[in-house]
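Residue numbers (this note's numbering), protein chains in the order written: chain A, 33 to 580; chain B, 33 to 580.
Glycine residues also receive a C-beta, built at the ideal position from the N, C-alpha and C atoms.
Here the structure is a predicted model, which is why all the values come from computation and not from measurement.
One structure below.
Number of protein chains: 2
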Amino acid sequence: MVRDTKKAEASLESLQRIFTVPEAPNSTLGSIEQAISQNLNRFLQDHIAATDRSLTDIEKDFSNPAIPEQPTFVSDHTEFLLDKLVSQSVHTSSPRFIGHMTSALPYFLMPLSKIMIGLNQNTVKIETSKAFTPLERQVLGMLHKLIYSQPETFYESCMHSAHHSLGAFCSGGTIANITALWVARNSALKPDDNFKGVAEEGLFRAMKYYGYDDLAILVSERGHYSLKKSADVLGIGRESLVAVPTDANNRIRLDKLEETIAELKARNVKPFALVGVAGTTETGNIDPLDAMADIAEREGMHFHVDAAWGGASLMSNNQRPKLKGIERADSVTIDAHKQLYVPMGAGMVIFKDPSQVSAIEHHADYILRKGSKDLGSHTLEGSRSGMAMLLFACLNIIGREGYELLIDQSVEKASYFSNLVANRNDFELVTEPELCLLTYRYAPDAVQKALAQATPEDVEQLNALLNDLTIFIQKRQREAGNTFVSRTTLKPEKYGRQATSVFRVVLANPLTTQEILQEVLDEQRAIAETSTIALPQLLAKAEEILTR
Amino acid sequence: MVRDTKKAEASLESLQRIFTVPEAPNSTLGSIEQAISQNLNRFLQDHIAATDRSLTDIEKDFSNPAIPEQPTFVSDHTEFLLDKLVSQSVHTSSPRFIGHMTSALPYFLMPLSKIMIGLNQNTVKIETSKAFTPLERQVLGMLHKLIYSQPETFYESCMHSAHHSLGAFCSGGTIANITALWVARNSALKPDDNFKGVAEEGLFRAMKYYGYDDLAILVSERGHYSLKKSADVLGIGRESLVAVPTDANNRIRLDKLEETIAELKARNVKPFALVGVAGTTETGNIDPLDAMADIAEREGMHFHVDAAWGGASLMSNNQRPKLKGIERADSVTIDAHKQLYVPMGAGMVIFKDPSQVSAIEHHADYILRKGSKDLGSHTLEGSRSGMAMLLFACLNIIGREGYELLIDQSVEKASYFSNLVANRNDFELVTEPELCLLTYRYAPDAVQKALAQATPEDVEQLNALLNDLTIFIQKRQREAGNTFVSRTTLKPEKYGRQATSVFRVVLANPLTTQEILQEVLDEQRAIAETSTIALPQLLAKAEEILTR
Numbered sequence: 033m034v035r036d037t038k039k040a041e042a043s044l045e046s047l048q049r050i051f052t053v054p055e056a057p058n059s060t061l062g063s064i065e066q067a068i069s070q071n072l073n074r075f076l077q078d079h080i081a082a083t084d085r086s087l088t089d090i091e092k093d094f095s096n097p098a099i100p101e102q103p104t105f106v107s108d109h110t111e112f113l114l115d116k117l118v119s120q121s122v123h124t125s126s127p128r129f130i131g132h133m134t135s136a137l138p139y140f141l142m143p144l145s146k147i148m149i150g151l152n153q154n155t156v157k158i159e160t161s162k163a164f165t166p167l168e169r170q171v172l173g174m175l176h177k178l179i180y181s182q183p184e185t186f187y188e189s190c191m192h193s194a195h196h197s198l199g200a201f202c203s204g205g206t207i208a209n210i211t212a213l214w215v216a217r218n219s220a221l222k223p224d225d226n227f228k229g230v231a232e233e234g235l236f237r238a239m240k241y242y243g244y245d246d247l248a249i250l251v252s253e254r255g256h257y258s259l260k261k262s263a264d265v266l267g268i269g270r271e272s273l274v275a276v277p278t279d280a281n282n283r284i285r286l287d288k289l290e291e292t293i294a295e296l297k298a299r300n301v302k303p304f305a306l307v308g309v310a311g312t313t314e315t316g317n318i319d320p321l322d323a324m325a326d327i328a329e330r331e332g333m334h335f336h337v338d339a340a341w342g343g344a345s346l347m348s349n350n351q352r353p354k355l356k357g358i359e360r361a362d363s364v365t366i367d368a369h370k371q372l373y374v375p376m377g378a379g380m381v382i383f384k385d386p387s388q389v390s391a392i393e394h395h396a397d398y399i400l401r402k403g404s405k406d407l408g409s410h411t412l413e414g415s416r417s418g419m420a421m422l423l424f425a426c427l428n429i430i431g432r433e434g435y436e437l438l439i440d441q442s443v444e445k446a447s448y449f450s451n452l453v454a455n456r457n458d459f460e461l462v463t464e465p466e467l468c469l470l471t472y473r474y475a476p477d478a479v480q481k482a483l484a485q486a487t488p489e490d491v492e493q494l495n496a497l498l499n500d501l502t503i504f505i506q507k508r509q510r511e512a513g514n515t516f517v518s519r520t521t522l523k524p525e526k527y528g529r530q531a532t533s534v535f536r537v538v539l540a541n542p543l544t545t546q547e548i549l550q551e552v553l554d555e556q557r558a559i560a561e562t563s564t565i566a567l568p569q570l571l572a573k574a575e576e577i578l579t580r
Numbered sequence: 033m034v035r036d037t038k039k040a041e042a043s044l045e046s047l048q049r050i051f052t053v054p055e056a057p058n059s060t061l062g063s064i065e066q067a068i069s070q071n072l073n074r075f076l077q078d079h080i081a082a083t084d085r086s087l088t089d090i091e092k093d094f095s096n097p098a099i100p101e102q103p104t105f106v107s108d109h110t111e112f113l114l115d116k117l118v119s120q121s122v123h124t125s126s127p128r129f130i131g132h133m134t135s136a137l138p139y140f141l142m143p144l145s146k147i148m149i150g151l152n153q154n155t156v157k158i159e160t161s162k163a164f165t166p167l168e169r170q171v172l173g174m175l176h177k178l179i180y181s182q183p184e185t186f187y188e189s190c191m192h193s194a195h196h197s198l199g200a201f202c203s204g205g206t207i208a209n210i211t212a213l214w215v216a217r218n219s220a221l222k223p224d225d226n227f228k229g230v231a232e233e234g235l236f237r238a239m240k241y242y243g244y245d246d247l248a249i250l251v252s253e254r255g256h257y258s259l260k261k262s263a264d265v266l267g268i269g270r271e272s273l274v275a276v277p278t279d280a281n282n283r284i285r286l287d288k289l290e291e292t293i294a295e296l297k298a299r300n301v302k303p304f305a306l307v308g309v310a311g312t313t314e315t316g317n318i319d320p321l322d323a324m325a326d327i328a329e330r331e332g333m334h335f336h337v338d339a340a341w342g343g344a345s346l347m348s349n350n351q352r353p354k355l356k357g358i359e360r361a362d363s364v365t366i367d368a369h370k371q372l373y374v375p376m377g378a379g380m381v382i383f384k385d386p387s388q389v390s391a392i393e394h395h396a397d398y399i400l401r402k403g404s405k406d407l408g409s410h411t412l413e414g415s416r417s418g419m420a421m422l423l424f425a426c427l428n429i430i431g432r433e434g435y436e437l438l439i440d441q442s443v444e445k446a447s448y449f450s451n452l453v454a455n456r457n458d459f460e461l462v463t464e465p466e467l468c469l470l471t472y473r474y475a476p477d478a479v480q481k482a483l484a485q486a487t488p489e490d491v492e493q494l495n496a497l498l499n500d501l502t503i504f505i506q507k508r509q510r511e512a513g514n515t516f517v518s519r520t521t522l523k524p525e526k527y528g529r530q531a532t533s534v535f536r537v538v539l540a541n542p543l544t545t546q547e548i549l550q551e552v553l554d555e556q557r558a559i560a561e562t563s564t565i566a567l568p569q570l571l572a573k574a575e576e577i578l579t580r
């Protein structure tokens with residue numbers, strides 16, 4: 033609202049003005065924008081509060097369910113947002129915050145985002161997106177080629193064809209995984225003779241027609257929780273997402289996979305999809321994709337690879353061999369808002385066979401008319417923004433070699449950090465990095481020594497105390513706001529499959545230095561030493577074991 | 033990439049620089065940003081090409097599936113985007129483009145979007161979003177109160193409770209509708225005795241347990257296509273989305289609804305959800321929600337209202353009575369990127385009963401831990417951006433009274449336009465506006481007179497020719513790029529339910545003037561007169577009928 037009276041008032045004229053007149057550059061909002069443009073990191077450092085307010089306390093600022101009757105001046109509201117929201121947000125792009133999959137963003141994305149939002153295209157159909165449609169199709173083609181390296185003629189005939197689709201751009205990995213399994217389900221229970229297919233007739237009639245007693249999706253026990261959600265949404269049921277045990281390196285055990293398949297088939301259960309994980313969310317490990325492709329092929333299962341986080345590693349010719357077999361997947365999920373350095377909201381699912389998405393094709397009279405090239409006829413979502421433009425810009429500006437450098441330095445940094453952890457006598461590496469993600473915990477030297485010679489009962493006690501200590505450290509560290517690592521629970525083979533709390537770091541931020549990594553460990557040790565419960569108990573217990 | 037050599041090169045140093053150094057203000061990207069900030073509309077007018085290039089031609093610029101090996105300078109790529117993408121995008125915010133549900137945006141949203149993208153929060157969990165979590169919960173609370181007006185104590189106990197959720201923010205209306213029907217399905221086939229519920233056990237076992245032969249979702253024949261998609265995804269089957277006939281005003285016929293329910297029940301089919309439409313996408317009409325609520329209540333069906341487009345009308349106390357009954361819905365879909373003037377990507381589903389979403393609750397070890405307030409445990413999507421901030425800002429800055437003015441002036445404009453159409457003797461109103469959406473067609477006076485006295489066979493012929501002419505006009509108008517209306521196909525009762533192509537306008541842009549509306553009709557008439565096939569045939573046929 034324009035500040036022409038002391039109090040903002042709703043009038044048609046003033047409303048029309050907010051649709052036409054930009055804020056003066058010296059307004060609150062104008063100066064913030066300038067500050068962000070000049071140095072985002074400094075702006076965030078200056079405005080994100082150093083001390084932690086409890087969530088319950090923050091909630092007090094966001095407690096009124098009533099939409100204000102009267103308008104507010106833009107500047108007044110901006111000040112509110114600065115004081116109450118920005119100050120209490122998370123500095124996800126900080127090089128010292130190494131616990132998230134969200135990294136710093138290339139600078140050019142901010143002005144480009146502004147263009148994207150100003151254009152406000154809707155990619156559901158050509159009428160509201162025009163050139164954004166071929167652009168998005170090209171981006172999907174680029175990712176397809178990155179994964180599947182089909183010949184040029186393939187892309188010439190498919191990339192811009194109304195009858196094909198190389199994949200779907202979506203808001204994130206969850207929607208991408210659901211889309212892949214939706215295609216898999218509809219293909220497994222496809223139209224046949226006098227059955228119109230599961231899409232038309234539904235799952236109940238499909239199961240009766242095909243005579244299965246149940247369906248199953250197979251994935252390692254490290255599969256992302258979105259797969260369980262997919263099984264629920266798609267009517268398959270969470271129980272039918274069968275978790276296959278993993279080996280010491282968190283990769284699916286092929287012997288157990290074979291056993292599971294045999295057991296399911298004996299019960300007349302149809303395992304219609306196998307999901308390989310390329311970069312598990314918790315440990316960053318990659319399944320043996322090539323061997324899984326063999327099994328999927330033999331069993332006629334849809335082979336999906338969830339590479340939401342790890343897929344970007346294909347950009348590096350040095351890392352690509354780790355994902356060997358991904359080129360045999362029927363579908364692949366990749367999130368551009370993870371290691372492709374695009375802002376939140378850029379997921380993709382890519383299909384090897386560009387006619388596969390016909391299994392989920394939808395049309396309507398006024399849009400997505402048959403034979404049109406409207407993107408919306410093959411997506412789970414309807415109206416969508418022009419996010420693909422940001423990925424397109426990154427792919428062009430950074431280039432494959434640029435991404436290779438970024439990915440490789442992340443992997444090197446993880447290797448450096450894992451050595452750092454292994455060489456400090458009061459830290460313990462829990463999982464080695466395969467890409468740039470690893471887990472570890474704080475365990476004083478005496479405790480590590482005691483663990484080595486403890487009875488199973490003692491190990492259990494020590495582990496429980498270590499878990500308390502890990503949680504204590506991670507929480508205090510987050511509250512202090514100087515550095516951040518995340519936390520998860522694993523059941524490592526080397527700790528007798530006991531539930532083990534661990535620190536988890538993701539080293540994709542190009543601005544994270546070796547010095548910062550050392551500081552993270554120093555800070556964790558310092559916090560540990562302030563523990564007045566878990567640490568003394570741990571040391572006493574270790575002492576008791578070692579002096580037995 | 034920084035322009036320190038003639039050719040952009042990938043080096044770690046130059047890469048780190050793109051994460052830290054903003055573009056100089058006089059760079060290409062910098063000047064574009066400045067131009068957008070100063071006058072978006074002028075920027076778009078200057079850069080969106082006036083003449084239409086065919087899609088096939090545009091595709092040539094987006095035809096290379098190879099990710100470039102080498103990096104490109106930011107400025108070079110920006111020039112490419114300007115020349116090839118921006119110039120061939122759609123001016124969705126133009127006051128002369130009245131065919132889309134996308135309108136102009138308030139100016140303050142552009143700098144605010146930049147803050148949102150710079151912060152790059154992930155609202156899946158508190159750890160990556162902090163104050164954005166209570167903010168989003170408050171926004172959902174505000175919409176909940178707008179619809180359901182529960183007492184203050186209700187919001188005090190529910191809005192920030194870990195055990196409740198007033199709804200879900202999502203990318204758009206399709207995901208919102210799927211979420212609502214997912215909750216409805218899981219509630220209808222809930223856990224019971226020794227059955228763990230459809231979420232756990234899947235649809236096949238659920239149907240056997242409950243003993244139904246099929247499920248059904250009921251909606252009028254004007255229901256949005258996303259409902260069919262929902263029925264497919266959820267395993268219910270598109271056939272089980274039962275379309276109930278509408279009356280002359282495109283509202284569900286209650287007698288037919290009752291008949292359908294009786295017929296389904298006689299076949300042992302369980303109609304578990306009834307969907308009311310508050311603003312159909314094609315005609316803008318509102319179902320008799322109150323009467324539908326009675327029926328849903330009596331039959332124990334989940335009552336969902338798809339108010340993706342029309343829901344914003346609740347902001348106006350003058351329009352609110354048209355949506356009477358919405359406050360009895362179990363769930364409501366509202367898109368903020370439609371009449372709440374927020375950029376693309378802001379859908380919401382609101383649940384009356386804040387414990388209903390427990391039917392779709394998901395947890396995982398490392399995030400969304402049980403008892404946490406993480407938003408992700410109740411959303412279909414996983415990682416999500418902080419879009420709720422933009423809606424929050426609009427609700428505060430525009431205020432309810434501001435929205436009331438915006439909504440009311442849209443409705444008044446539609447009423448003005450429908451009079452304009454009705455009073456021109458060569459245009460024909462097809463559907464009256466109930467809110468700000470209406471449909472019409474071009475039909476010369478003689479043709480209208482001939483239609484009034486034609487035989488059914490003649491009517492069919494005339495209609496077919498009119499359809500050709502409507503399509504011809506709409507395409508030419510779009511290609512000329514001066515004004516834009518959209519087009520759909522209806523089967524109006526008054527034209528004997530024949531498929532009828534119509535122009536469709538949505539008058540939500542506050543900058544659209546009465547003069548522009550007159551120009552739209554003038555341009556359409558002028559284009560019609562250039563028709564060398566349909567128009568002469570039509571006039572000849574009309575002449576023949578009138579001189580019989």
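Report the partner residues of residue i according to the DSSP bridge assignment.
{"i": "Tyr180 (chain A)", "result": "For Tyr180 (chain A), which the question treats as bridged, DSSP gives no partner whatsoever."}
{"i": "Phe516 (chain A)", "result": "A:Phe129"}
Note the first and the last residue of the continuous beta strand (DSSP E) segment covering residue i.
{"i": "Arg473 (chain A)", "result": "469-474"}
{"i": "Leu221 (chain A)", "result": "Looking at the DSSP string, Leu221 (chain A) is not in any beta strand (DSSP E), and its letter there is neither H nor E."}
{"i": "Thr292 (chain B)", "result": "Thr292 (chain B) -> not in any beta strand (DSSP E); alpha helix (DSSP H) instead, spanning 286-298."}
{"i": "His334 (chain B)", "result": "334-338"}
With a cut-off of 8 Å, does the C-beta of residue i fall near any C-beta of chain D?
{"i": "Thr545 (chain A)", "result": "The chain inventory of the structure shown lacks chain D, comprising the protein chains A and B."}
Given a cut-off of 8 Å, decide if residue j and residue i are closer than it, judged by their beta-carbon atoms.
{"i": "Thr134 (chain A)", "j": "Asn154 (chain B)", "result": "yes"}
{"i": "Ser161 (chain B)", "j": "Val122 (chain A)", "result": "yes"}
{"i": "Val462 (chain A)", "j": "Thr515 (chain A)", "result": "no"}
{"i": "Gln493 (chain A)", "j": "Lys370 (chain A)", "result": "no"}
Any idea if residue i is buried or exposed, counting beta-carbon neighbours within 10 angstroms, 16 or more meaning buried?
{"i": "Arg529 (chain A)", "result": "exposed"}
{"i": "Glu413 (chain A)", "result": "buried"}
{"i": "Gln509 (chain A)", "result": "buried"}
{"i": "Met33 (chain B)", "result": "Because Met33 (chain B) carries a pLDDT of 42, less than 50, the predicted location of this residue cannot be relied on, and no value is offered for it."}
{"i": "Ala566 (chain A)", "result": "buried"}
Just curious, the alpha helix (DSSP H) that residue i is in, first and last residue?
{"i": "Thr60 (chain B)", "result": "60-70"}
{"i": "Tyr425 (chain B)", "result": "Correcting the residue identity first, residue 425 (chain B) is Ala in this sequence and not Tyr. Element bounds for Ala425 (chain B): 420-455."}
{"i": "Ser258 (chain B)", "result": "258-265"}
According to a CB-to-CB cut-off of less than 7 Å, which residues of the stretch 426-452 of chain B neighbour chain A? Those residues of the stretch 426-452 of chain B that come within reach of chain A (Cβ to Cβ, closer than 7 Å) are Leu427, Asn428, Ile429, Ile430, Gly431, Arg432, Glu433, Gly434, Leu437, Leu438, Gln441.
Positions along the stretch 140-152 of chain B whose CB lies within less than 9 Å of some CB in chain A: Here the close residues are Phe140, Leu141, Met142, Pro143, Leu144, Ser145, Lys146, Ile147, Met148, Ile149, Gly150, Leu151, Asn152.
Going along the chain, which residues of the stretch 326-359 of chain A sit with their C-beta nearer than 8 Å to a C-beta in chain B? Taking a C-beta cut-off of 8 Å against chain B, the contacting residues of the stretch 326-359 of chain A are Met347, listed in chain order.
Please list, in chain order, the residues of the stretch 369-380 of chain B that have any C-beta partner in chain A closer than 9 Å. The residues in question are His369, Lys370, Tyr373, Pro375, Met376, Gly377, Gly379.
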